Amino acid sequence: MKKLYILCLIIFLSACNTVNSIGLQPTIKNHQQNTVSTVHPRARLIAGSKDLVGNLDLVNVRFGTVGQLPRAEVSVQNLSNARYSLEYMYSWEDQQGFKINQNTVWKRFTLGPREIKSFQTIGVTPEAYGLTMTVRLPGDFFIHQDRTDPER
Amino acid sequence: MKIARTAIIFTSMLLLTACQTNPLLTGGQSNVSIVGSGERGHLSAQLTMADYTALAEKVTNKMLSSRVVQKWGNKRPRLILAKLRNNTDNESIRMQDIYDRITETLLNSGLLRLVDTSATSFEYVVRSELSSNRQYGSDGQELVGYKLELKLMTIDGEMKGQWSGMLTLAKGKRSFL
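So the protein lines, in turn, are chains D and U. My numbering applies: residue 1 is where the first sequence begins, and numbers increase by one. My numbering applies: residue 1 is where the second sequence begins, and numbers increase by one.
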């Protein structure tokens with residue numbers, strides 16, 4: 001009986017461990033996942049839904065300047081024949097990795113079959129350096145209400 | 001034996017409940033939930049605070065990336081942002097919130113100096129206007145388009161630049177159970 005109890009306890013303690021070694025590598029910026037692309041040293045592109053992996057690609061990150069302000073453009077490519085209604089959000093960080101205080105909200109866009117769309121953003125202060133762009137399926141709260149699959 | 005059985009039941013309960021993920025639900029006793037300020041949910045075809053932010057961000061970013069503003073370099077000209085004009089069919093839109101979003105973005109850019117409308121020395125005036133149009137469908141469907149526009153004028157009245165951003169809200173047909 002004692003063995004059974006210990007076994008249950010081990011399962012309990014290990015079952016919810018979904019995050020691997022988060023405290024062991026303090027310099028890591030994000031976990032290596034197939035939904036996150038860090039090909040460009042200044043950009044982090046995130047496909048915010050597992051349904052988008054393989055169907056959507058975030059490509060061709062370009063950085064430039066507008067006067068004193070940094071500017072970036074990211075292209076989003078639809079690899080499938082489906083028509084997607086999506087939303088994206090940008091966030092900027094300075095060179096030390098601190099988030100730039102910027103009012104950002106999710107912005108909607110539609111991507112037709114095989115279509116490529118480019119989105120441009122300006123780092124609203126000259127200190128802006130790194131960029132994170134997330135694309136996800138729309139997250140209206142009244143849609144969430146009836147949603148049974150939280151991993152969608 | 002009894003203690004062990006209780007312990008197993010307790011552990012099993014924890015095991016079954018601990019891995020529950022956290023879906024966003026507007027549930028609970030009060031049926032009210034806090035959602036992220038960046039979320040774009042709508043309960044009607046009216047502008048939300050997030051829409052104000054999105055519109056203001058879109059238009060000011062266009063202005064800041066324009067050639068006219070680029071030419072300013074480090075000069076930081078003095079600029080008046082005139083009162084935002086509401087040319088929509090909805091008088092309840094909080095124009096001051098949109099105005100504040102625009103001034104916040106302009107100020108944070110560090111490219112200019114914003115001065116009050118009472119100032120006597122300035123180089124530019126920015127006039128802004130929010131307008132809308134609306135279409136109705138047969139089953140309660142609604143399509144509302146909002147346009148925010150900024151116009152940069154010199155003190156001589158010469159227009160140096162004009163930028164606009166649009167946002168369209170679509171309301172589906174009524175559903176009857």
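The beta-carbon is built from N, C-alpha and C at its ideal position, and this holds for glycine as well. Given the structure is predicted, the values throughout are model-derived calculations rather than measurements.
Q: Report buried or exposed for residue 159 of chain U, applying the criterion of at least 16 other Cβ atoms within 10 angstroms of its Cβ.
A: Classification for residue 159 of chain U: exposed.
Q: Can you say whether residue 155 of chain U is buried or exposed, counting buried as having 16 or more other CB atoms within 10 angstroms of its CB?
A: By the 10 Å Cβ count, residue 155 of chain U comes out exposed.
Q. In the DSSP assignment, what residue or residues form a beta bridge with residue 70 of chain D?
A. Paired residue(s): D:65.
Q. Residue 119 of chain U touches chain D at which residues, Cβ-Cβ below 8 angstroms?
A. Simply none; closest approach about 24 angstroms.
**Q.** Coil, strand or helix - residue 35 of chain U by DSSP
**A.** In the structure shown, the three-state DSSP call for residue 35 of chain U is coil.
Q. Tell me the DSSP bridge mates of residue 105 of chain D?
A. In the DSSP output, where bridge partners are listed per residue, residue 105 of chain D has none listed.
Q: Step through the CB atoms of chain D and report whether any lies within less than 8 angstroms of the CB of residue 40 of chain U.
A: With its beta carbon less than 8 angstroms from one in chain D, residue 40 of chain U belongs to the interface.
Q) According to DSSP, is residue 113 of chain U helix, strand or coil? A) Note: residue 113 of chain U maps to strand in three-state DSSP.
Q: Let me know if residue 140 of chain U comes out buried or exposed under the rule of 16 or more other beta-carbons within 10 Å of its beta-carbon.
A: Exposed, by the Cβ-count rule.
**Q.** Interfacial residues, the stretch 105 to 116 of chain U to chain D, with Cβ spacing under 8 angstroms
**A.** Under the 8 angstroms Cβ criterion, the stretch 105 to 116 of chain U contributes 105, 108, 109, 110 and 111.
Q. Going by the CB atoms, is the gap between residue 104 of chain D and residue 85 of chain D shorter than 8 angstroms?
A. The criterion of a C-beta distance shorter than 8 angstroms is not satisfied by residue 85 of chain D and residue 104 of chain D.
Q) By a C-beta neighbour count over all protein chains shown, 10 Å radius and 16 as the cutoff for buried, is residue 91 of chain U buried or exposed? A) Here residue 91 of chain U is exposed. Its C-beta has fewer than 16 other C-beta atoms within 10 Å.
Q. Buried or exposed: which applies to residue 136 of chain U, given that a residue is buried once 16 or more other Cβ atoms fall within 10 Å of its Cβ?
A. It counts as exposed.
Q. For residue 163 of chain U, which residues from the same chain have a beta carbon less than 6 angstroms from its beta carbon, with the 5 sequence-adjacent residues on both sides left out?
A. The beta carbon of residue 163 of chain U sits closer than 6 angstroms to the beta carbons of 59, 62, 63 and 150 from its chain, once the five residues preceding and following it are set aside; these are given in chain order.
Q: Return the residue from the list D:126, D:39, D:47 and D:65 that minimises the CA-CA distance to residue 57 of chain D.
A: It is D:47.
Q.
Taking its Cβ as the centre, do 16 or more other Cβ atoms sit within 10 Å of residue 57 of chain U, making it buried, or is it exposed?
A. Burial call: buried.
**Q.** CB of residue 108 of chain U within 8 angstroms of CB of residue 66 of chain D, strictly
**A.** Judged by beta-carbon spacing, residue 66 of chain D lies beyond the 8 angstroms limit of residue 108 of chain U, meaning their Cβ atoms are not closer than that value.
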